[in-house]
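Everything below concerns the one structure shown next.
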Amino acid sequence: MSDLNKNYYEKITFRDALRLAIHDSMQKDEKIIVMGEDVAAYGGAYGATKDLLKLFGPKRIIDTPISEAAIVGASMGAALTGLRPIAELMYVDFFGMSMDQIANQLAKVRYMFGGQINAPMILRAQGGTGRSAGAQHSQSLETWIMHTPGLYLSIPYTPNDAYHLLRAALKINNPTIFIEHKLLYNTSGVLDKNNPDQIFGKAKIRKKGKDLSIISYSRMVNFAEKAAEELAKQKIDVEVVDLRTLNPLDRETIIESVNKTKRALVLSESCYTAGVPSEITSIIFEHCYTNLLKPVIRYTAEDTPAPVAPNLEENYIPTIEKIVEYSKKLCK
Amino acid sequence: MTQSNTLLPNLYTTMKRIRTFEERVGELFIKGETAGTMLHLSIGEELGPTCLGAAMQKQDTFTTHHRGHGIFIARGGDPKKMMAEIAGKKDGYCKGKGGSMHIADMKLGHLGANAIVGGGIPTVVGAGLSSKYLEEDKVSVAFFGDGAMQQGILYESMNMASLWKLPVVFCCINNQYGMGTKIDNAAGLKDFSKRAASFGLNTLHIDDLDIENAYVKSKEIIDKARKFEPGFIEVECYRFFGHARMDKSPYRSEEEEIKMRKSDPISYASNQMLKNKIMNEDEIKKINEKISIEMDEAMDFAINSPLNNQKEIFTDVYDEREPLPISVEERINKILS
Ligand SMILES: Cc1ncc(C[n+]2csc(CCOP(=O)(O)OP(=O)(O)O)c2C)c(N)n1
Ligand SMILES: [Mg+2]
Numbered sequence: 266m267s268d269l270n271k272n273y274y275e276k277i278t279f280r281d282a283l284r285l286a287i288h289d290s291m292q293k294d295e296k297i298i299v300m301g302e303d304v305a306a307y308g309g310a311y312g313a314t315k316d317l318l319k320l321f322g323p324k325r326i327i328d329t330p331i332s333e334a335a336i337v338g339a340s341m342g343a344a345l346t347g348l349r350p351i352a353e354l355m356y357v358d359f360f361g362m363s364m365d366q367i368a369n370q371l372a373k374v375r376y377m378f379g380g381q382i383n384a385p386m387i388l389r390a391q392g393g394t395g396r397s398a399g400a401q402h403s404q405s406l407e408t409w410i411m412h413t414p415g416l417y418l419s420i421p422y423t424p425n426d427a428y429h430l431l432r433a434a435l436k437i438n439n440p441t442i443f444i445e446h447k448l449l450y451n452t453s454g455v456l457d458k459n460n461p462d463q464i465f466g467k468a469k470i471r472k473k474g475k476d477l478s479i480i481s482y483s484r485m486v487n488f489a490e491k492a493a494e495e496l497a498k499q500k501i502d503v504e505v506v507d508l509r510t511l512n513p514l515d516r517e518t519i520i521e522s523v524n525k526t527k528r529a530l531v532l533s534e535s536c537y538t539a540g541v542p543s544e545i546t547s548i549i550f551e552h553c554y555t556n557l558l559k560p561v562i563r564y565t566a567e568d569t570p571a572p573v574a575p576n577l578e579e580n581y582i583p584t585i586e587k588i589v590e591y592s593k594k595l596c597k
Numbered sequence: 007m008t009q010s011n012t013l014l015p016n017l018y019t020t021m022k023r024i025r026t027f028e029e030r031v032g033e034l035f036i037k038g039e040t041a042g043t044m045l046h047l048s049i050g051e052e053l054g055p056t057c058l059g060a061a062m063q064k065q066d067t068f069t070t071h072h073r074g075h076g077i078f079i080a081r082g083g084d085p086k087k088m089m090a091e092i093a094g095k096k097d098g099y100c101k102g103k104g105g106s107m108h109i110a111d112m113k114l115g116h117l118g119a120n121a122i123v124g125g126g127i128p129t130v131v132g133a134g135l136s137s138k139y140l141e142e143d144k145v146s147v148a149f150f151g152d153g154a155m156q157q158g159i160l161y162e163s164m165n166m167a168s169l170w171k172l173p174v175v176f177c178c179i180n181n182q183y184g185m186g187t188k189i190d191n192a193a194g195l196k197d198f199s200k201r202a203a204s205f206g207l208n209t210l211h212i213d214d215l216d217i218e219n220a221y222v223k224s225k226e227i228i229d230k231a232r233k234f235e236p237g238f239i240e241v242e243c244y245r246f247f248g249h250a251r252m253d254k255s256p257y258r259s260e261e262e263e264i265k266m267r268k269s270d271p272i273s274y275a276s277n278q279m280l281k282n283k284i285m286n287e288d289e290i291k292k293i294n295e296k297i298s299i300e301m302d303e304a305m306d307f308a309i310n311s312p313l314n315n316q317k318e319i320f321t322d323v324y325d326e327r328e329p330l331p332i333s334v335e336e337r338i339n340k341i342l343s
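Just so you know, the protein sequences line up as chains V and D, in that order. When you number the first sequence by the working numbering, it's gap-free, plus one each residue, and the end is 597. When you number the second sequence by the working numbering, it's gap-free, plus one each residue, and the end is 343.
Here's what the structure looks like:
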């Protein structure tokens, strides 16, 4: 990352866009610190904090012990008392160790104390399948966060969104949970620092269409886009909606899209039962009931833990072929 | 050979089997036959699992961290089924669903490897509780890294084991690093025995390569645990290679690695055998060759093991007498039909 100070990047990885976002924010605001396991010397398990130690030093880029509960809790404590931490959990699965601090402390501290204090911090975590990382390192746990009032939740798909969502979260005084899919770090796209694209709390229509809305977020937007290309060849015009943030949730865009297309498929890598798609489906049912031509379909990972065997893991989550198949059935 | 003359060759053989197994896992990875890259090899760390494995009794149980191939082999794990698991194949210990980080064999008392740092520690407290309740004379040993010394769950577990006087041993394999973070940057107090002693546990700190002595000392701790005096053992060692297969250890110097790799428990043990005329070079070579063949066979077994059936995504979530989870496909097709 030699050219840190450009405003426009024709092609940048998701990883580097995140690094730039952290870098640019830290340059502007000296209250920002980064803390987490292996974020400094190692540069982050997935490289998102690489070289930041050299640029900002160990006072601001802090390697922590393997103590997830305390990483979250101490970040909150620092946020209450003048700093703006960007904490990192190496895997979302480690919400398991830190869930008390996330759900009982961080999410509630402002409310319980009658609005006396804010906890302005970001908790970054990485999730999803695709590396045969097994049941304890492959989950999609956004539902846990979405079900906990008090926490904002960003879950970007493109480098531009990764950059701007992170920067936006650092300007808001709420705690934000920021989830990155492990297979997105190496993907690349445009970054325009001057174009935040109405970022915070607004969904993005990735492709306009009139026959069917596929509503998704994170890596699954890529599957939706690919399926939409295939379906276009078969004369089915899909609208792809990328939610980008799950709290705030852009209900208007979802409702508008489905009222137009009259058919919806909600796509996610989390488990089927009681997941984010369940909530989106309810919203669609509540608001688009009279317009719907077909039942809303939730296409998700199975209601099982993630297997390690690559041939099982591949079919544990949605596949592009089946998105195409179900979409065709919906549009028949 | 007398008992004292068989001890060192036996310990040597186990360490060499662990080392060779791990080397073959590395080869399996290079051949592109492993399930993923999250393979944590214990090359250089063989002493601890080997002497504890030998000091445990047949009925004893254990849990391990993610770098747990060593103790599994020391306790009698079948290299073929282990290798097949690492390849994510049908003949693996867990049908390829668990992989390297979630390998287990309940029949051998292996209560599970864990990908959550510290995740397997309280399991041995429960195993100690049932052993005492059922009067089974089983000691349960938790193996974990120095990283887990910074997890709260360890301290909750040590306190319970002490409070309830359970047949439990906590064993920290201190390889000086948690991923790229050196122990100095992770622990406020590095004398881990002090922490354990403060809970009332018997403690042992192994920091040299004399495996016979380490065996005798750790056996004392395990024997005391069997009499309901829980214990803590720290074994200092060095992770010779990267954290996982993709890690080239850029955060530490080559000089450090070269220096530390000289503390090799396997060459130390073979030198001891030669020096004390317990075995000659030919005899050691024969052992090594036999192990090499055994591990080659394990690798071939893994490569030739079949892939699993897609149905296996759904099995084992609940007891087999219960219905399988309904697949997403079935649900969607029902709605769309
Ligand atoms: C709760 C938890 N936090 C973080 C990780 C990521 N991680 C995997 S291994 C590892 C280092 C563990 O170090 P240590 O316990 O010393 O074991 P070693 O790898 O050195 O054998 C880390 C941070 C994890 N798997 N689980
Ligand atoms: Mg370690």
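Yeah, the Cβ is synthetic: ideal placement off N, Cα and C, and Gly gets one too.
- Task: Compute the Euclidean distance between the alpha carbons of F27/D and K223/D, then round it to the nearest angstrom.
- Result: 27 angstroms
- Start and end residues, beta strand (DSSP E) containing M391/V: Checking the sequence, you will find Gln at residue 391/V rather than Met. Unbroken beta strand (DSSP E) run through Q391/V: I387 to G392.
- Item | Contacts of T187/D in chain V (Cβ-Cβ under 9 angstroms) | E302, D303, A305, A306, Y307, D328, T329, P330 and I331
- Message: Can you pull out the residues from the stretch 383-399 of chain V whose beta carbon lies closer than 7 angstroms to at least one beta carbon of chain D?
- Response: R396, S397, A398 and G399
- Message: For G184/D and S259/D, what's the separation of their Cα atoms in angstroms?
- Response: Between G184/D and S259/D, the C-alpha separation is close to 16 angstroms.
- Flag F320/D as yes if its beta-carbon sits less than 9 angstroms from any beta-carbon of chain V, otherwise no. Yes, contact with chain V.
- Item | Straight-line gap, G309/V to N120/D (C-alpha atoms, nearest Å) | 21 angstroms
- Query: Going along the stretch 108-140 of chain D in order, which residues come within less than 7 angstroms of chain V, judged by CB to CB distance?
  - Reply: H108, A121, I122 and V123
- Message: Using C-beta distances below 6 angstroms, list every residue in its chain close to R389/V, excluding the 5 sequence neighbours before and after it, in chain order.
- Response: E353 and F443
- Between A493/V and the rest of its own chain, which residues show a CB-CB distance below 6 angstroms, the 5 nearest in sequence each way excluded? These residues qualify, in order along the chain: K472, V503 and V505.
- Message: Any beta carbon from chain V within less than 9 angstroms of Y161/D's own beta carbon?
- Response: no
- Message: Assess contact between the stretch 575-590 of chain V and the stretch 410-426 of chain V, defined as three or more Cβ pairs (one per stretch) separated by less than 8 angstroms. Is contact present?
- Response: As far as the Cβ criterion goes, the stretch 575-590 of chain V does not touch the stretch 410-426 of chain V, which means the pair count is below three.
- Query: Taking 9 angstroms as the CB-CB cut-off, is L342/D touching chain V?
  - Reply: yes
- Outcome for L269/V when other beta-carbon atoms lying within 10 angstroms are tallied against a minimum of 16: exposed
- Message: For K467/V, which residues in the same chain have their Cβ closer than 6 angstroms to its Cβ, ignoring the five residues on either side in sequence?
- Response: D515
- Where does V131/D fall in DSSP's three states? helix
- By the criterion of Cβ-Cβ separation under 8 angstroms, what are the contact partners of P331/D in chain V? Near P331/D (Cβ distances below 8 angstroms), the residues of chain V are E567, D568 and T569.
- Message: Which same chain residues end up closer than 6 angstroms to S106/D when comparing Cβ atoms and leaving out the 5 residues on each side of it in sequence?
- Response: L45 and I92
- Message: Does Q292/V pass the burial test, meaning 16 or more other C-beta atoms within 10 Å, or should it be called exposed?
- Response: exposed
- Query: Leaving out five residues before and five after K101/D in sequence, what residues of the same chain have Cβ atoms less than 7 angstroms from its Cβ?
  - Reply: Around K101/D: N314 and E318.
- Bridge partner(s) assigned by DSSP for H211/D: E240/D
- Does any heavy atom of ligand 2 sit closer than 8 angstroms to the C-beta of D253/D? no
- Query: Would N277/D be called buried (16 or more neighbouring beta carbons within 10 Å of its own) or exposed?
  - Reply: exposed
- Message: Under 9 angstroms, Cβ to Cβ, is there at least one residue of chain V near V145/D?
- Response: no
- Within chain D, partners of I562/V - CB distance below 8 angstroms: I338, I341 and L342
- Span of the alpha helix (DSSP H) holding P321/V? Position check: residue 321/V holds Phe in this sequence, whereas Pro was assumed. From DSSP, the alpha helix (DSSP H) with F321/V extends over L317 to F321.
- Query: Under a three-way DSSP split, which group does K491/V fall into?
  - Reply: In the structure shown, K491/V adopts helical secondary structure according to DSSP, grouped into three states.
- Could you check if K469/V is buried or exposed, using at least 16 other CB atoms within 10 Å of its CB as the buried criterion? Under this definition K469/V is a buried residue.
- Per DSSP, which one or two residues make a beta bridge with N512/V? L418/V
- Item | When G50/D, C243/D and N208/D are compared against N165/D, the one with the closest alpha-carbon | The candidate whose alpha carbon is nearest that of N165/D is N208/D.
- Simplified DSSP state of M7/D, which is helix, strand or coil: Confidence at M7/D is low in this model, with a pLDDT of 49, below 50, so the placement of that residue is unreliable and no value is reported for it.
- Between which two residues does the alpha helix (DSSP H) carrying S204/D extend? Secondary structure note for S204/D: it is in no alpha helix (DSSP H), with a DSSP letter that is neither H nor E.
- Query: Going along chain V, which residues have a C-beta under 7 angstroms from V334/D?
  - Reply: Y537, Y564, T565 and E567
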